[in-house]
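Let me begin by presenting the structure, written as structure tokens, before commenting on it.
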Amino acid sequence: MLQQTQVKTVLERYYFPFLQQFPTLQALAHASLDEVLKMWEGLGYYSRARNLHKAAQMCRTELPKSAKELELLAGIGTSTAHAIASFAYGEALPILDANVKRILYRYFALKEAKPSELWSKSYELLDASNAYDFNQAMMDLGAMVCTPKNPQCPLCPLADACQGVGSPHDYPTPKPKKQKPIKTPYILVYQHGEKFALFQNHKRFLGGLWGFKQSDSKPSKSKKIGEITHHYSHFGLKCNVLLSSDAIEHKHWFSLKEIEALALSGVDKKVLALLVV
DNA sequence: AAGGCGTGGAC
DNA sequence: TGTCCAAGCCT
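Going by the working numbering, the first residue of the first sequence is number -4, and it counts up by one from there.
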């Protein structure tokens, strides 16, 4: 859950409800993907949920206890494997999250660096006699002192040895930001009496989540009921929402009450809000 | 090996 | 208001 997501968000809204619903690895493994995604709804990066579900099934009974084996599980890369191994099982391995990366870039005055170089520096700094505290301290330092904006160099315990002290914003060299494309499909809400047609995504994008139909072409008979704007990580959405009573051939129709049980993306949540008003 | 992959906090 | 960015991983 914490991959690319702030601790505050996870702790306040997702961690405890998820553990209550799936108290054990077995419970998670035996749950349906729909159930897992429902508990993940709104957290984003849903491949994490799909991978976590898969990882639970790969584990069978028990979580592996070495970083080497942990890394074989779906959705667990080097940093997460090292985090689990150092925090839970006492292995002397460094992590490489956004906080640590930022510290390394500044501490070693790196304009740019490949992941392998950052890992090398990370091992170089690691206090192997206490990896738990070291890793925790690095993340805390990055979160509280060596921050992206307004870093507090005068307060930093590493200031003496840091090669980037005083000019932290020089490291790394910022990458040119390319602007996100804006897509403008129509969102089509098919209504049949009290029921609505929803579709489950079968590709990687929002995979497994349910949502209303999107189409690049406008159906002849439909009524505009609103507009939706949304910003994903790699593109924007700006679309008209159309209500249609066309008798389409479709297997999955749901009442508003039944839709509550489905996992929907942020966009489809916004569409749903238009229907409830 | 860049780019895909969500959402909301913080400013 | 827009912009940056977060306990990264996968392809």
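Every residue gets a Cβ at the ideal spot worked out from N, C-alpha and C, and that includes glycine.
| Item | Value |
| --- | --- |
| Leaving out the 5 sequence neighbours to the left and right, which residues in its chain are closer than 8 angstroms to I243 when beta-carbon positions are compared? | Y185 and A192 |
| Indicate whether the contact test is met: 3 or more Cβ pairs, each with one atom in the stretch 34 to 45 and one in the stretch 11 to 25, closer than 8 angstroms. | yes |
| Can you check DSSP and say which residues form a bridge with S239? | Y185 |
| State the beta-bridge partners of S210 as determined by DSSP. | Y181 |
| Taking D92 and S115 to be in contact with their CB atoms under 8 angstroms, please state how far apart those CB atoms are, rounded to whole angstroms. | With a Cβ gap of about 16 angstroms, D92 and S115 do not count as contacting. |
| Excluding sequence positions up to five away, which residues of its chain have a Cβ less than 6 angstroms from the Cβ of L257? | W205 |
| According to DSSP, which residues form a beta bridge with Q195? | W205 |
| Note down, one range per segment and in chain order, each alpha helix (DSSP H) of at least 4 residues found wholly within the stretch 121 to 149. | 126 to 139 |
| Cutting at 6 angstroms between CB atoms, please list the residues of its own chain near A51, excluding the five before and the five after it. | L20, L23 and A24 |
| Should S217 and L232 be called a contact, given that it needs their Cβ atoms to be closer than 8 angstroms? | no |
| Alpha carbon to alpha carbon, how far is P59 from K246? Give it in angstroms, no decimals. | 41 angstroms |
| Less than 8 angstroms between the CB atoms is what I'm expecting for N94 and A69, so what's the real figure, rounded? | Not really, about 25 angstroms apart at Cβ, beyond 8 angstroms. |
| With DSSP run on the structure shown, which of helix, strand or coil describes C54? | helix |
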